[in-house]
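Each residue of the sequence shown is one higher than the last, beginning at 1 in UniProt numbering. Down below is the structure, laid out as structure tokens.
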Amino acid sequence: MYGWNTPGGAPGGAGCTAADIFEPSLKPVTNFDASTDCEILRKAMKGIGTDEDAIINIMGRRSATQRNAIVKQFKTMYGKDLINEFKSELSGHFYDCVKALCYLPEEFDAVQLYEAMKGVGTDEDTLIEILCSRTNRQIVKIKEAFTKLYQKDLEKEVVSETSRHFKRVLVSLLQASRDENPNVDLHAAKSEAEKLYKAGEKRLGTDESQFLSILCTRSYEQLRAIFDEYKKLTKHDIEQALKSEMSGDLLNAFLAIVSCARNKPRYFAQLLEKSMKGLGTSDQMLIRIVVSRCEIDMERIKKEFQAAYSKSLATWIKDDTSGDYERLLLTLIGER
1 MYGWNTPGGA
11 PGGAGCTAAD
21 IFEPSLKPVT
31 NFDASTDCEI
41 LRKAMKGIGT
51 DEDAIINIMG
61 RRSATQRNAI
71 VKQFKTMYGK
81 DLINEFKSEL
91 SGHFYDCVKA
101 LCYLPEEFDA
111 VQLYEAMKGV
121 GTDEDTLIEI
131 LCSRTNRQIV
141 KIKEAFTKLY
151 QKDLEKEVVS
161 ETSRHFKRVL
171 VSLLQASRDE
181 NPNVDLHAAK
191 SEAEKLYKAG
201 EKRLGTDESQ
211 FLSILCTRSY
221 EQLRAIFDEY
231 KKLTKHDIEQ
241 ALKSEMSGDL
251 LNAFLAIVSC
261 ARNKPRYFAQ
271 LLEKSMKGLG
281 TSDQMLIRIV
291 VSRCEIDMER
301 IKKEFQAAYS
311 KSLATWIKDD
321 TSGDYERLLL
331 TLIGER
């Protein structure tokens, strides 16, 4: 069975465990045969014209493990790289999405992180989205994939591309050492809520390292208990405290961690809305979230999206995208 995560997580309620809720929109097909799929893909791209429907029905309806088997088998059968074949036949965001589906989840995250850091400037939002939301196991696999793909150390790349407390947060997350014990220690939660208050709102200036040591290492269950205690202590949410004490990438990273701890599917629903709202679409973000969450918690993300924006995710995708690209996204989220 393919999966980033152990199927499970919290089967109800708003909160989620560090092991992720398991409500996928895309599941492995039964009676899978990589050779047959390769023949269909080869036929779809042979001669004049391309059978995009056939490509969508294969790439949009196979699990990551199955797609990976197809990529390997295609090279064995035809001596050709499947991504290169897609590149010569497809274009635009449809190609971008199909290409994303050719990678294993940890490889895709590694590619996204590399792209976020290469060249001049850094896409901090992508670093935050990936590193603040992945489980320990996922982060370990991403680091391995990054080294395999680029012969570089992910942590060293992050250190060279970021600075100050933001850098320290990402380095801490890259240690993949968040506590994943679901048991809550209420006494410790009260004590750590007081520590956060003393490190921020109670003093002049901010002791960012105290926020880092708690937000980057405590389990999601423990963090939710700390946030509850913080609200009892201060009469407002931890998010308000963070916004009054910090700014920029550091603030965004801490807010992402808080959001994931509270309700990770809702965090991704909010990012999906952000990727499509207003003029234009952040297609890279839209593709990244749909591809990376369709085999984990997309069904829950769809519910959170509907609850927050009174319209379905499918409706937003139909309004913001078109053609084969739209049809592939809808297939991946289980709406086609």
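The beta-carbon is built from N, C-alpha and C at its ideal position, and this holds for glycine as well.
In three-state DSSP terms, what is residue i?
| i | result |
| --- | --- |
| Ile-21 | coil |
| Gln-240 | helix |
| Glu-295 | coil |
| Val-290 | helix |
| Thr-50 | coil |
| Gln-73 | helix |
| Arg-137 | helix |
| Leu-279 | coil |
| Pro-11 | Here the model assigns Pro-11 a pLDDT of 33, short of 50, so the residue's position is not dependable, and the following value carries that caveat. Reduced to three states, the DSSP call for Pro-11 is coil. |
| Thr-30 | coil |
| Gln-66 | helix |
| Ser-147 | Checking the sequence, you will find Thr at residue 147 rather than Ser. In the structure shown, Thr-147 sits in a helix (DSSP, three-state: H, G or I). |
| Asp-320 | helix |
| Glu-335 | coil |
| Arg-300 | helix |
| Asn-183 | coil |
Please list the terminal residues of the continuous alpha helix (DSSP H) segment that includes residue i.
| i | result |
| --- | --- |
| Tyr-117 | Per the sequence shown, residue 117 should be read as Met rather than Tyr. Per DSSP, Met-117 belongs to the alpha helix (DSSP H) from 105-117. |
| Phe-94 | 92-100 |
| Arg-164 | 164-174 |
| Leu-272 | 248-276 |
| residue 354 | The requested residue 354 does not occur in the structure, where the chain is confined to residues 1 to 336. |
| Val-159 | 154-161 |
| Cys-38 | 34-45 |
| Glu-194 | 186-199 |
| Gln-222 | 220-234 |
| Glu-326 | 323-332 |
| Gln-210 | 208-215 |
| Thr-126 | 124-131 |
Do you know offhand how far residue i's Cα is from residue j's?
| i | j | result |
| --- | --- | --- |
| Val-290 | Ala-269 | 10 Å |
| Lys-99 | Tyr-325 | 12 Å |
| Pro-265 | Ile-48 | 42 Å |
| Leu-41 | Asp-20 | 33 Å |
| Lys-167 | Asp-283 | 26 Å |
| Gln-112 | Leu-101 | 13 Å |
| Lys-27 | Asp-297 | 11 Å |
| Arg-62 | Ala-261 | 30 Å |
| Thr-126 | Cys-294 | 18 Å |
| Ala-110 | Gly-60 | 21 Å |
| Met-77 | Gly-323 | 30 Å |
| Phe-86 | Tyr-95 | 7 Å |
| Tyr-114 | Leu-149 | 10 Å |
| Ile-56 | Glu-208 | 47 Å |
| Val-71 | Lys-195 | 51 Å |
| Leu-104 | Ala-145 | 9 Å |
| Lys-141 | Ala-64 | 15 Å |
| Asp-319 | Pro-24 | 23 Å |
| Glu-107 | Ala-188 | 37 Å |
| Glu-335 | Ser-213 | 41 Å |
**Message:** Does the structure place the segment 130-146 close enough to the segment 74-94 that three or more beta carbon pairs sit under 8 Å?
**Reply:** They do not touch, by the three-pair rule.
**Message:** Within 8 Å, do at least three Cβ pairs link the segment 249-258 to the segment 169-184?
**Reply:** yes
**Request:** For the segment 173-184 and the segment 219-234, state whether three or more C-beta atom pairs, one from each stretch, are separated by less than 8 Å.
**Result:** yes
**the segment 295-315 contacting the segment 325-336, beta-carbon criterion three pairs below 8 Å** = The segment 295-315 and the segment 325-336 touch, with no fewer than 3 CB-CB distances between them shorter than 8 Å.
**Message:** Could you check whether the segment 148-163 touches the segment 197-216, counting it as contact only if at least three pairs of C-beta atoms, one from each stretch, sit closer than 8 Å?
**Reply:** no
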